[in-house]
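Heads up: the sequence shown runs through residues -18 to -1, 1 to 199, numbered per mature numbering (1 follows the signal peptide of the UniProt record, and there is no 0).
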Amino acid sequence: MFLFTLVLVVLFLPEADNLKCKCESDQYGACAKETTECPSKNYSCSVTTQVYYLGGAKSEHNSKGCITSDLCISFSVNYGAYRVVQNSKCCSEDLCNTQINYTKLVSPPNRKKCFSCDEENCMKTLKCAGDENYCVDVKVSFMMKGCASKSVCSDHFSSVMSQLTSQHPGAKISCCRGNYCNSASSTISPGSKSSASSTSPTLLLLLVPLLFSNLFS
């Protein structure tokens, strides 16, 4: 009888509320309220700073909200004309992100040098910055090369990206440590040139939080 009563008590215990987080608007959409409730138990409260470089333009965005714990990633990836730096801080108590400040992202040049691609070939020298201590080689339906932080080269990042780029099953990210280790390729063919120039921004978006935005609230 005692066991039966215990089972009933457990079954009818109220479910714990999902995590509540401070919400601040960013470029992906406005917060309906200052406080948001995360959709499920595997979310954390987040404080995220993202800096985008496109050509000569720079854009910085700050946001607070909910994010799945596996997407709480800080990284930097740089293709020369396109670059993004993200810093994410996460915590797991109600409104714990309220008092956490945004990070001022500074990326001074470092001594690392890698190959990058333009519309003609992949033999252009790219000087890395900040914690971009790896050269990266990205292949989807075309090729891009550049600099990346260690986190971009981690198994965890690769796992996350494979989920987000499932429409590109052949997508591959390769990293190496030495200068110019992401070896230069021969001249890009006219067909590849057209594809790269028109689709390069899309590949960049595959590697930055724009793909993660639908997982923020």
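Ideal Cβ placement from N, Cα and C applies to all residues, glycine included.
Note that the structure is a prediction, hence the values are computed from the model and not measured.
Between which residues of its own chain and residue i is the CB-CB distance below 6 Å, once the five residues before and five after are set aside?
i	result
V29	K46, K71, N79, I82
Y34	S41, V66
G112	S58, S89
S156	D119
Y84	T31, N44
Using a Cβ-Cβ cut-off of 7 Å (strictly less than) and excluding sequence neighbours within five positions of residue i, which residues of its own chain qualify?
i	result
S56	Q68, N69, S70, S133
M105	F97, A166
Would you say residue i and residue j are within 9 Å of each other, going by their C-beta atoms?
i	j	result
M126	S98	yes
N92	N60	no
K2	D76	yes
S74	S26	yes
A63	L87	no
Which of the three DSSP states, helix, strand or coil, is assigned to residue i?
i	result
S28	strand
K106	strand
C158	strand
V134	helix
F124	coil
L36	strand
Between which two residues does the beta strand (DSSP E) carrying residue i extend?
i	result
C39	Looking at the sequence itself, residue 39 is Ala, so the reference to Cys does not match. Its beta strand (DSSP E) spans residues 39 to 50.
E19	17 to 19
K71	64 to 73
S7	No beta strand (DSSP E) contains S7, which DSSP labels as neither H nor E.
L59	Going by the sequence as given, residue 59 is Val instead of Leu. First-last of the beta strand (DSSP E) with V59: 57 to 60.
S98	91 to 98
When the cut-off is 9 Å and only beta carbons count, does residue i lie next to chain B?
i	result
V120	Here there is only one protein chain, and chain B is not present.
Using a Cβ-Cβ cut-off of 8 Å (strictly less than) and excluding sequence neighbours within five positions of residue i, which residues of its own chain qualify?
i	result
C163	C96, C117
C135	Y116, V118, I155, C157
P172	The predicted position of P172 is uncertain, since its pLDDT is 37 and thus under 50; a value taken from the coordinates is nonetheless stated next. So no residue of the chain qualifies.
Using 8 Å as the cut-off, can you tell me whether the region 107 to 120 makes contact with the region 36 to 55, which would need three or more C-beta pairs spanning the two stretches below that distance?
no
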